[in-house]
Amino acid sequence: KIRVPDAPAYTALPRPYEANATPIAFAEVYLALQNGTVDAQENPLPTIEAKKFFEVQKHIMLTGHIADALLTVVAPGTLAKMPPADQKVLFELMQEAAANATNDIRKREGELVDEFRKRGNNVVTVDRNAFQQRVLKAIDHASMGLDKKDWDRVVAIR
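The sequence shown runs 376 to 533 under my numbering.
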């Protein structure tokens, strides 16, 4: 049994591996792992560290299907009030910030792999392509509630 958020994309993912998707509130994950309500959970490595899930799970599979991310949102009305030159500067800064955040996240995830191993967790690198292909054979755009064009864009993300 694997703890997942109660959303179609998350509940569908474990099925190709004959795992039992078990929706549980995020605040209850640690206890659910500790008492055996679930055997596994899926979260980015920084979340596993911050919430100390490594204390109650022995194995960490590096599937790469969930990554930490940061998002910058600008209201259309606010953007419309800015002169084009300022919009250009804003977008350039946002791209730079995104690249820096991505690099920081990747660096931290690499450090966490080493830290988890030192703590005694079994950290396993999996064949990501085989993982993805098995999932894609079991789910499609309709089962995820997406149109084909959006589905293809999601699948193309690497």
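Where is the CB? At the ideal position from N, CA and C, for every residue including glycine.
No experiment lies behind these values; they were computed from the predicted model shown.
Distance between residue j and residue i (C-alpha atoms, nearest Å)
i, j, result
"V449", "M457", "11 Å"
"A513", "V530", "13 Å"
"R408", "E467", "At residue 408 the sequence reads Leu, which differs from the Arg that was named. C-alpha separation (whole angstroms): 43 Å."
"P459", "L487", "41 Å"
"L388", "V510", "7 Å"
"A394", "R503", "18 Å"
"P398", "A473", "31 Å"
"R528", "K426", "32 Å"
Assigned secondary structure, residue i (DSSP; H/G/I helix, E/B strand, else coil)
i, result
"V449", "coil"
"Q508", "helix"
"R483", "helix"
"R494", "coil"
"P398", "strand"
Proximity of residue i and residue j at Cβ, strictly below 8 Å
i, j, result
"R390", "A415", "no"
"Y405", "F429", "no"
"L437", "V501", "yes"
For residue i, the residue or residues it bridges with in DSSP
i, result
"T500", "L437"
Reference residue i; option with closest CA among the options
i, options, result
"T477", "E490, L445 and K376", "L445"
"Q384", "G520, I532 and K524", "Strictly speaking, residue 384 in this sequence is Ala, with Gln absent from that position. The candidate whose alpha carbon is nearest that of A384 is G520."
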